[in-house]
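Protein sequences appear in the order of chains A and B.
Position 52, counted from 1, in the first sequence is what numbering that gives the first Met the number 0 calls 51; the numbers after and before it change by one each time, with no gaps.
Position 51, counted from 1, in the second sequence is what numbering that gives the first Met the number 0 calls 50; the numbers after and before it change by one each time, with no gaps.
Beta carbons are placed, not taken as given, at the ideal position from N, Cα and C, and that holds for glycine.
Have a look at the structure below before the remarks.
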Amino acid sequence: MNRLRAPQLWVGLAWLALLLSLFITLPQSTWSTSVTAALPDAEQDWQQALMRDGQSTRQVTILLRGHDVGVLENGAREIQAALDTAISWQAPASVASDIQRLYRVYAGQLASAEDWQRLKTGDMDSLLERAQQRLYGPVGLGGVSLQQDPLLLTPSFIESGAGNFGTLTPRANWLQGEHQDESFLLLTGRLHFNAFEQAAALEFDNALSATISRLREEYPDLQIHRSGAVFHAVAAAQQARFEISTYGGLSLLAIVLLLIVMFRSARPFLLTGLTLVLASASGLAALLLIFPAPHVLAMVFATTLIGVAVDYSFHGMLAVQRGVAGFKAMLPNLRLGLLTSLIGYLALLVLPFPLLQQVAVFVGTGLVAAYLTVHLLFPRLLRPGQLRSTRGVQHAVHGLARAHPWVVSTPLRWLLYPVVVVLLGGLYVLTSTDDDVTNFHQSPPALMAEEAQVRDLSQQMWSPAMLVVRGDTTEQLLQREEQLHPALGALRDADDLHAWQALSRRVPSIERQQAVQRGWREQVNHPAFAQYLSQLGLPVAAPTTDFLTPAQMPGVNQHLLTTNGERFSLILLQLPKGSGEPLQALAQAHDFAEFYSPLHSANETVAELRGHLAWWLMLALVLAWLLLCLRRGVKVSTHIVGYLIVALSCSLLLAQWVQGSLNLFNLVAALLVLALALDYAVFITSRVEPHDVIKAVGLSALTTCLAFGLLSFSYTPVIASFGVSVFAGVAAALLAAPLLIGQLREKEK
Amino acid sequence: MLRILFITCLGLFGMTAASAQDITDDEVQARLQSWHALSGTFAFEQVRELAGFSRPLRSRGELIIEPDSLHWNTQHPIATSLHIDAAGVHQIKNGERTSIEGSAFVGQVLLAMLQQDYDFISEHFKTAVRDDCIDLRPRESYMRDHYQQIALCGDDQLQRIEMREADDSETYISLQEVIDA
């Protein structure tokens, strides 16, 4: 074969540089497992900042129960000691103590929303009754100065949820609670690392699991339950790793077996392996160069490269057997297949969907590398006549080739258009869609059960949805939050909201603090209040000009967000399932507030993307038709597009039947089906020797069906969806191939 | 020589203190066990001396002690009713119960004192015996925000509770069993 020409040399060098970059990027690579990381960026800056911040994903809660308090405390101490370097454990008693001391300083100017309403409406009787009950009851005043706060507004403010842990008792290193006459302990902490940093997360999970095993051995009745994004991230990463290795391994095994059956030689296997290795390494190198933290799901979807790369290598090997002329005759078809496939992936690159962009970069680069391997290396690694198919395969291929005249003589190919009409009608009538991102991933049931246990007892679990308030200053944020208090209280009374937590409930605005201390002082001449003060012999302290501010309060960062000079405060919500609408209405009634649900927002984005993808799919069909028209003519190209519609429709209809609805990933799979089926169509309608086409297309389709058929057994719903769709589409493309054979013969005439 | 004497004294003091603590703990348990367990209805009088106030606040009423809860009914100078259990303090008004949030610990302390729950007391307080009283000092900082010290006093049963709060306010509660006629 010829020496490399200058352009080929430059392409080869660039390719080598790309591969060598792996040595630098691979050791430093970090992989993301978060579902949200796979989704498009939020629309607004503050939403992006909120997602990047990921405060909630660092939270870890561990529940210990099932034993007496002494054993629970021993277990808690062991767990805390084992994970001390990876997590900052909360010290509830000290936090509660600091807050209590702070509130005492500002007693008399802090009042609950209910007491503020009473002060505003002059309902002194109920305020005085409550104060007297407190004074003459067994519960102390919590260290609050009666002179500073004669109505005892501040103890009531603290008890309304400002400075405590609900019914849980803050202990030095954990919270203690009672449930059904049984004590439990809750350890809460914040990870020092992002929950989706795989190595750190795995090390953390392993350390905790080892400690839990040891404790369970010592105390068999001890129950330990975990809650936190890190546990779901580790489970997802382990599942993905298992699936990649299992399905990747099985696919590889299937390819090896097929090649042995076909050729009884190691050479085809080595050449196919070389194509796969170079294609995968190139795809990975490009992926790591472009994306700082690619998603593990991208690698699962990228297994589609196996099918196409195997297809290219078969075409290459079989063409080399036909000599230089045969090889050169095959190359334009391979390029046409590559070009049409790249059009499909171009669609993914344009969409603002990180996961799909990563799949596009990996597979697109891998396809180019597979083509370059075949074009540049195969003629140098294989001689004509070096490969011989086994007799069985030769018989099968000859049998299929002999069927050509029968296929051509029958009006079989004219069945294509009625079939297309029926399938498109079926798609229109039968399909429905589901864009709920929570269905994309499924954590193990045992972990979900643990999460539910912790959620029930901790009282600290907030819905992902929140109210976001905008303001120019922190004081304005607090004042605006306070405007929402009455409406939020009403929603809670109407059971549209279980609970809510806002910064302004812990630190009232300065305006409110001034109003509270002015409010009760203005009532000193109220007869009942005057009598109360006189009975106690209580002088009224002078008003203060010193006010509590958020900067003094520990642990309020989770409520504040500043991005691009704009300030936001976040009101956390505990919503009954599926009841965001009243909160949405509340936000719409105030121009400074917005109801934000990351999940709801993600669902909307996914629905929008699914719509875009459907249009891109149609556009890709049109582009492919235009491109094919240049090489195959209008009639053949139209027939090919009909064939592609059959493959795509079967892919979507089978997915609809299996899943009950279609999701975004079925459409991504359809795009890959389009790429593969186009490749088959290009070769079936080419001048390449029919025996070679039958062998290459048959092998490619069989290996792809096997690889993606296996994916449909995945535990991860999106991967299973993807597998079902690609399997159905490629199988349909293979079975519908005879519909194109007439076109081949017509072209040859 | 002086150094040896000092170290010897220090050692002896340490040993004495350690053995005194052991004896104190045993005594506390013995004292609590020697008291009759409280159950039924008691009349109480409460005197609260607020820090910085010369005029004490006096109240009286009825206390009903049940196995897992207390009913604290103040009758004078105002009528108020509280239900206290391990979950906290609940206000009873017109038959409706309203929980006071964050009162779980206070509820548990009151319940443990009146039921003479040694396990709870020793878990949360350092204890010592003084005359006819058992002194309790909170072990954890959060508890010290509520109470500096509590004393449980009585001869053959708990008769008096003395509580010094974080701001030096003091509350004295005396109990007298009500015998049905």
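Using a Cβ cut-off of 9 Å, pull out every chain B residue sitting near residue i, in sequence order please.
i, result
"GLU217 of chain A", "Within chain B, no residue comes near GLU217 of chain A; the closest Cβ sits about 21 Å away, beyond 9 Å."
Run through the DSSP bridge pairs and tell me what residue i is partnered with.
i, result
"ARG59 of chain B", "B:GLU44, B:HIS75"
"TYR171 of chain B", "B:VAL46, B:GLU161"
"PRO66 of chain B", "According to DSSP, which records beta bridges pairwise, PRO66 of chain B is partnered with nothing at all."
"ILE39 of chain B", "A quick correction: the sequence has Gly, not Ile, at residue 39 of chain B. Answer is B:ILE64."
"TYR595 of chain A", "A:MET465"
"GLN222 of chain A", "A:ARG64"
"SER98 of chain B", "B:HIS89"
"PHE124 of chain B", "B:PRO137"
"CYS132 of chain B", "B:ARG129, B:CYS152"
"GLU565 of chain A", "A:THR562"
"HIS374 of chain A", "None, per the DSSP bridge assignment."
"GLN573 of chain A", "A:ALA498"
What residue range is occupied by the uninterrupted beta strand (DSSP E) comprising residue i?
i, result
"GLN90 of chain B", "87-92"
"GLU816 of chain A", "Since the first residue shown for chain A is 0 and the last is 748, residue 816 of chain A is missing from the structure and cannot be characterised."
"GLU181 of chain A", "181-190"
"ALA498 of chain A", "498-500"
"LEU151 of chain B", "146-152"
"LEU559 of chain A", "559-562"
"TRP413 of chain A", "Neither: TRP413 of chain A is in no beta strand (DSSP E) and is coded neither H nor E."
"TRP656 of chain A", "Note, TRP656 of chain A: premise wrong, no beta strand (DSSP E); alpha helix (DSSP H) at 633-658."
"SER87 of chain A", "86-88"
Strictly below 7 Å CB to CB, what residues from chain B border residue i?
i, result
"ALA92 of chain A", "GLU139, SER140, TYR141"
"SER96 of chain A", "SER140, TYR141, ASP144"
"GLN99 of chain A", "ASP144"
"GLU177 of chain A", "ALA85, ALA86"
Please identify the residue among the options whose C-alpha is closest to the C-alpha of residue i.
i, options, result
"GLN74 of chain B", "B:ALA86, B:GLY60, B:LEU81, B:GLU65", "B:GLY60"
"LEU174 of chain B", "B:GLN45, B:VAL108, B:SER33, B:ALA29", "B:GLN45"
"VAL696 of chain A", "A:GLU113, A:SER182, A:SER312", "A:SER312"
"GLY188 of chain A", "A:ALA706, A:VAL59, A:GLN478, A:TRP615", "A:VAL59"
"VAL104 of chain A", "A:PRO219, A:THR245, A:GLN512", "A:GLN512"
"GLU607 of chain A", "A:LEU350, A:HIS525, A:VAL70", "A:LEU350"
"ASP545 of chain A", "A:PRO538, A:GLN573, A:GLU510", "A:GLU510"
"GLN583 of chain A", "A:LEU287, A:ALA619, A:ALA486", "A:ALA486"
"ALA78 of chain B", "B:SER58, B:PRO66, B:ALA85", "B:SER58"
"LEU18 of chain A", "A:HIS484, A:ALA308, A:VAL515, A:ALA368", "A:ALA368"
"LEU25 of chain A", "A:GLN237, A:ALA280, A:PHE241, A:PRO549", "A:ALA280"
"GLY659 of chain A", "A:LEU626, A:SER724, A:MET552", "A:SER724"
"LEU738 of chain A", "A:ALA200, A:LEU8, A:LEU414, A:LEU118", "A:LEU414"
"ARG138 of chain B", "B:ARG129, B:ILE120, B:ASP131", "B:ILE120"
How would you list, in chain order, the residues of chain A whose beta-carbon sits under 9 Å from the beta-carbon of residue i?
i, result
"ILE172 of chain B", "PRO137"
"VAL88 of chain B", "GLY136, PRO137, VAL138"
"GLN45 of chain B", "TYR135, GLY136, PRO137"
"LEU81 of chain B", "GLN132, GLY136, PRO137, VAL138"
Over the uninterrupted alpha helix (DSSP H) stretch that includes residue i, give me the two end residues.
i, result
"ASP678 of chain A", "663-683"
"GLU480 of chain A", "473-492"
"LYS119 of chain A", "112-120"
"PHE230 of chain A", "228-262"
"PHE361 of chain A", "353-371"
"ILE157 of chain A", "Segment: none, ILE157 of chain A is in no alpha helix (DSSP H) and carries neither H nor E."
"MET552 of chain A", "Here MET552 of chain A belongs to no alpha helix (DSSP H), and DSSP marks it neither H nor E."
"PHE528 of chain A", "526-535"
List, in chain order, every chain A residue whose beta-carbon is nearer than 8 Å to that of residue i.
i, result
"ARG216 of chain B", "Chain B is shown from 0 up to 180; residue 216 of chain B falls before or after that span and cannot be answered."
"ILE77 of chain B", "GLU128, GLN131, GLN132, TYR135"
"ILE99 of chain B", "VAL138, GLU158"
"LEU37 of chain B", "None at all; the shortest Cβ gap to chain A is about 15 Å."
"LEU191 of chain B", "Chain B is shown from 0 up to 180; residue 191 of chain B falls before or after that span and cannot be answered."
Can you determine whether any heavy atom of the ligand MG sits closer than 7 Å to the C-beta of residue i, and answer yes or no?
i, result
"ARG334 of chain A", "Here there are no bound small molecules, and the ligand MG is not part of this structure."
Taking residue i as the query, report the chain B residues whose CB atoms sit under 8 Å from its CB, ordered along the chain.
i, result
"GLU181 of chain A", "Within 8 Å Cβ-Cβ: nothing; GLU181 of chain A doesn't reach chain B, min ~11 Å."
List the residues of chain A that residue i touches, going by C-beta distances under 7 Å, in chain order.
i, result
"ALA165 of chain B", "GLY142"
"LEU49 of chain B", "LEU145"
Contact set between the region 130-152 of chain A and chain B, restricted to residues whose Cβ is under 8 Å from the partner: Answer in chain order: GLN131, GLN132, LEU134, TYR135, GLY136, PRO137, VAL138, GLY139, LEU140, GLY141, GLY142, VAL143, SER144, LEU145, GLN146.
Near-chain B residues of the region 105-119 of chain A - C-beta to any C-beta below 7 Å: So nothing in the stretch comes that close.
Residues from the region 517-538 of chain A in contact with chain B, defined by Cβ distance under 8 Å: LEU535, GLY536, LEU537
Contacting positions in the region 102-131 of chain B - beta carbon closer than 8 Å to chain A: SER102, ALA103, PHE104, VAL105, GLN107, LEU109, GLU122
Residues of the region 52-79 of chain B with Cβ closer than 8 Å to any Cβ of chain A, in chain order: PHE52, SER53, ARG54, LEU56, SER58, TRP71, THR73, PRO76, ILE77, THR79
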